[in-house]
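J.: Numbering (the numbering used here), first residue to last: 10 to 191.
C-beta: ideal position from N, C-alpha, C; glycine also.
What follows is a structure written as structure tokens; I'll ask about it next.
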Amino acid sequence: MQDFTNENLDLSLLPTYETVALHQLNKKYWKVILLNIAVFMFFLGMAIYLLCYLLKLTFAESYLLIGGYVMIGILLVTIYKVSMKKRGFAIREKDLIYKSGIISISTSIVPFNRIQHITLNEGVFSRLFHLAALHIFTAGGLSGNIVIPGLDIELAHTIKQELSRQLNQQAHHESSRDTDGK
10 MQDFTNENLD
20 LSLLPTYETV
30 ALHQLNKKYW
40 KVILLNIAVF
50 MFFLGMAIYL
60 LCYLLKLTFA
70 ESYLLIGGYV
80 MIGILLVTIY
90 KVSMKKRGFA
100 IREKDLIYKS
110 GIISISTSIV
120 PFNRIQHITL
130 NEGVFSRLFH
140 LAALHIFTAG
150 GLSGNIVIPG
160 LDIELAHTIK
170 QELSRQLNQQ
180 AHHESSRDTD
190 GK
């Protein structure tokens with residue numbers, strides 16, 4: 010019989026994730042973001058035009074709507090530009106780190122043994138620039154899932170293959186442990 014122990018850990022000896030060098034998203038991803046903003050702004054502009062037309066507003070009367078439209082465009086570009094600089098990821102021996110956010114910085118650290126499956130998504134605009142998004146689904150549910158956008162397609166495939174290899178290796182290890190234990 011073993012004696013149960015549950016000693017306190019010296020917190021100063023724990024490794025810190027803040028010191029990990031994160032890889033930035035591919036710079037071409039900024040073009041994808043701009044295209045997405047342009048599509049959104051096009052439809053917003055059409056809705057504003059339709060509103061002005063239906064209400065029979067003159068240019069002077071619709072000045073406030075047009076000003077708001079311009080401000081929304083500037084705000085979106087600024088927010089996404091800052092967001093782009095704050096995002097990063099790293100793959101370590103036993104886990105994956107993803108950091109994002111502007112005002113509230115979110116850092117997700119997902120151990121490989123929590124990953125359920127991985128998918129690769131190439132959006133219409135991303136495909137134009139040979140980029141993809143890696144979707145990592147975890148056992149933690151929706152809050153634990155991670156999407157890393159703006160990866161070079163070859164790098165995304167390589168990461169997916171490595172994570173899949175880790176998952177297969179882990180599944181093999183667990184199945185052999187279950188077989189040995191019975």
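Entirely within the segment 50-103 and at least 3 residues each: give me those beta strand (DSSP E) ranges in chain order.
T.: Whole beta strand (DSSP E) segments, 3+ residues: 97-100.
J.: To the nearest angstrom, report how far apart I42 and A142 are at their CA atoms.
T.: Near 13 Å, if we compare the C-alpha coordinates of A142 and I42.
J.: Measure the alpha-carbon distance for T147 versus E70 and round it to whole angstroms.
T.: Going by the C-alpha atoms only, they are around 52 Å apart.
J.: Tell me the rounded alpha-carbon separation between G97 and L20.
T.: Going from the Cα of G97 to the Cα of L20 covers about 25 Å.
J.: By the DSSP assignment, the beta strand (DSSP E) with V119 in it spans what residues?
T.: Counting along the chain, the beta strand (DSSP E) containing V119 begins and ends at S115 to P120.
J.: Between the segment 88-97 and the segment 121-139, do at least 3 Cβ pairs fall closer than 8 Å?
T.: Counting Cβ pairs under 8 Å, fewer than three are found: no touch.
J.: On a Cα-Cα basis, can you pick out the residue from E27, L105 and G54 that is closest to M80?
T.: The shortest C-alpha separation from M80 is found at G54.
J.: Rank S109, F138, D161 and Q179 by C-alpha distance to the C-alpha of K103 and give the top, closest one.
T.: Nearest option by C-alpha distance: Q179.
J.: Report all residues from its chain with a CB closer than 7 Å to the CB of K36; omit the five preceding and five following residues, and keep chain order.
T.: There are no such residues.
J.: Where does A30 sit, in a helix, a strand or coil, going by DSSP?
T.: Three-state DSSP puts A30 in coil, outside helix and strand.
J.: Measure the alpha-carbon distance for I46 versus I112 and round it to whole angstroms.
T.: If you take the alpha carbons of I46 and I112, they lie about 21 Å apart.
J.: Looking at L34 and G159, is the spacing between their C-beta atoms short of 7 Å?
T.: Taking 7 Å as the Cβ cut-off, G159 and L34 qualify as a contacting pair.
J.: How many angstroms separate the CA atom of N154 from the CA atom of G82?
T.: Taking the straight line joining both Cα atoms gives about 29 Å.
J.: Quick one, are the C-beta atoms of I124 and I145 less than 7 Å apart?
T.: In this structure, I145 lies closer than 7 Å to I124 by Cβ.
J.: Since L105 contacts V119 with CB under 8 Å, what's their CB separation in whole angstroms?
T.: Rounded, the Cβ-Cβ distance is 5 Å, consistent with contact.
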